[in-house]
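Quick notes on the structure that follows.
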């Protein structure tokens, strides 16, 4: 970072105490370091506070909180397996829908888009990340769910005969795992596409030129020369989107139907860990109930921590290549 | 070996699919904004901004308290998030390779990735449990979400400032802290302002961290020590209610909220046009 004359000046200045700055510099360094330390302190405080509050439930029920599916507050049973299931399935559905779209947009923007379209389309997709989740939820309740109930679900089940599989069976209510998955797909899309676009644009030009020079078509160039180069960064982007989807609360709570049951059908209502907390926390009837909800929060904390950690690591490993 | 012709057809088809993906990806935004305007605009009037919510059954009424509440919450969050975020950003930019900087950088990404509901129950545990629902608790929860956003953009923007500027300031006899603040920080100010705006846009619409902290309030309150109404909370409560009148108000509220958020986001984008806009995550 620092160039040679700068280091020399630095030493010289320290010797001469120019401008009497030693004390004020120390205060400045202390203040900025104090601000920086707030961040680790906050993360540790969050972890400690939540795990401490979750401890009574963990010590009583252990891991049965996520392995059993009997959630009966009156009887003191706290099995949130359906919520864990719902969190994982809704996020999985979201990724299945969002990934090809996001990759398509990213490839379009980095390779094929006419110059005048690049900025506006990129901006519109990015804006999806700015829409508050409660607005997505509102739209889900009054626009998406009726649409699913009246047209999409009957179409999938009857017209396409997907009802023969266990995944698209049963009555079409509207509020469902499918609905949550769709909303989450829209919400995860801008994150996946933004990261993918950046890593695709970081792929060296020579990589593309070499493929074209060898006679590849434009698509073969993307498939064989560009995507393999950007692969781990793209996976990192997908993991980032996954992290967002796993922790998303309001939009999902509003459209998923909030029923604590495990069903193979995407048409059935479900529940997620985040919405379980959102719905029951302020009405928690006793300390154990509260502690069980904290335990659900603690598990959510750990899951998103792992997913985001892996995502960052993957994205970083690509951006290191870029520096070269 | 496939023929050149079929390879070119495949290529054209795949390129066509990326165009289709671009259309499909922009469609939800257009649909959502379209519905918001169609359903929300008719319920918007001056009284929406100046009146209090009315009880069930009475028509009319507005969200004056929720709009003011959201502004207060943003204010409290900014008072916490901005100084700490900018300070931490300065630290990261100046002490790039120290072990503490690496830890802080990593944990600020961790904090940023935490579900907002987890931040909400944390704020409940440390602030609400001892002293009840309050605007302060809501502001702290939002401020905690703001810190990592502001920190990382501040760091990024400071790193763009050429080192020669700092060296020139030092050569002129500036103390190191003055070189940092009145030369380097000032040069990066526009970029940092963008980051701040993006962070404000993001927390302005947050609902989950407020559920158990600010809690919402049907009455007029501007006290930091009491439960306070907020636009996202009010939209949520009205959206899941069973009354058509409240549904209409929810759409109107959502239109106001999205307008606020979009204005801030677009302002942020035009503050620094050079960057190929990516959502700051």
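Chains as they are written, first to last, in my numbering: chain Y, 88 to 411; chain D, 77 to 357.
Cβ coordinates follow ideal geometry from the N, Cα and C atoms, glycine included.
When secondary structure is reduced to three states using DSSP, residue 127 of chain D falls in the coil class, being assigned neither helix nor strand. For the 9 Å CB-CB criterion, residue 218 of chain Y and residue 105 of chain D form a contact. Taking 7 Å as the cut-off between beta carbons, none of the residues of the region 258 to 271 of chain D comes near chain Y.
Between the alpha carbons of residue 111 of chain Y and residue 182 of chain D lies a gap of roughly 29 Å. Per DSSP, residue 209 of chain D lies in no alpha helix (DSSP H) and is assigned neither H nor E. Residue 126 of chain Y and residue 160 of chain D have their C-alpha atoms spaced approximately 9 Å apart. In terms of CA proximity to residue 198 of chain D, D:221 leads the group D:177, D:82, D:136, D:221. Within the region 322 to 345 of chain D, the residues whose Cβ lies closer than 8 Å to any Cβ of chain Y are, in chain order, 323, 326, 327, 330, 333, 334, 337, 338, 341, 345. Sequence-distant Cβ neighbours of residue 311 of chain Y in its own chain, meaning closer than 7 Å and more than five residues away, are 298, 303.
Ranked by Cα distance from residue 283 of chain Y, the first of Y:348, Y:387, Y:258, Y:328 is Y:328.
Distance from the CA atom of residue 263 of chain Y to the CA atom of residue 246 of chain Y, rounded to whole angstroms, is 20 Å. Considering only Y:321, Y:370, Y:376, Y:340, the residue with the shortest C-alpha distance to residue 403 of chain Y is Y:321. Residues of chain Y whose Cβ lies closer than 8 Å to the Cβ of residue 288 of chain D are, in chain order, 368, 369. Non-local C-beta neighbours of residue 333 of chain D in its own chain, meaning closer than 7 Å and more than five positions away in sequence, comprise 281, 307, 308, 311, ordered along the chain.
Per the coordinates, the alpha-carbon of residue 82 of chain D lies some 43 Å from the alpha-carbon of residue 257 of chain Y. At a cut-off of 9 Å between beta carbons, residue 195 of chain Y contacts chain D.
The region 320 to 374 of chain Y contains, as complete alpha helix (DSSP H) runs of 4+ residues, the segments 337 to 342, 360 to 367 (chain order). By the criterion of a C-beta distance shorter than 7 Å, residue 301 of chain D is surrounded in its chain by 210, 212, once the five residues flanking it on both sides are discounted. Any Cβ of chain D closer than 9 Å to the Cβ of residue 232 of chain Y would place that residue at the interface, and such an atom is absent. Residue pairing for residue 159 of chain Y: DSSP places it in a beta bridge opposite Y:164. Scanning its chain for C-beta atoms nearer than 7 Å, with the 5 sequence neighbours on each side dropped, one finds around residue 117 of chain D the residues 331, in chain order.
Taking a Cβ-Cβ threshold of 8 Å, the residues of chain D close to residue 388 of chain Y are 190, 191, 194, in chain order. The three-state reading of DSSP puts residue 304 of chain D in strand, counting E and B together. Boundaries of the alpha helix (DSSP H) around residue 84 of chain D: 80 to 116. Across the region 136 to 170 of chain D, CB contacts with chain Y closer than 8 Å involve 159, 160, 161, 162, 163, 164, 166, 167, 168, 170, in sequence order along the chain.
DSSP, reduced to helix, strand and coil, places residue 295 of chain D outside both helices and strands of the structure shown, so it counts as coil. Non-local C-beta neighbours of residue 304 of chain D in its own chain, meaning closer than 6 Å and more than five positions away in sequence, comprise 145, 211, 290, 293, 297, ordered along the chain. Against residue 183 of chain D, the close residues of chain Y are 126, 127, 130, in the order they occur along the chain (beta-carbon pairs closer than 7 Å).
Using a Cβ-Cβ cut-off of 9 Å, residue 343 of chain Y does not count as an interface residue toward chain D, since no Cβ of chain D sits closer than that to its own. For residue 178 of chain Y, the secondary structure class from DSSP, reduced to helix, strand or coil, is helix.
DSSP places residue 145 of chain Y inside the alpha helix (DSSP H), whose first and last residues are 109 to 148. The three-state reading of DSSP puts residue 262 of chain Y in coil, since its state is none of H, G, I, E or B. Look at residue 229 of chain D: its C-beta is not under 9 Å from any C-beta on chain Y. Contact annotation for residue 140 of chain Y against chain D: 201 [CB-CB distance below 7 Å, chain order]. Each residue's CA atom was taken as its position, placing residue 129 of chain Y and residue 166 of chain D some 18 Å apart.
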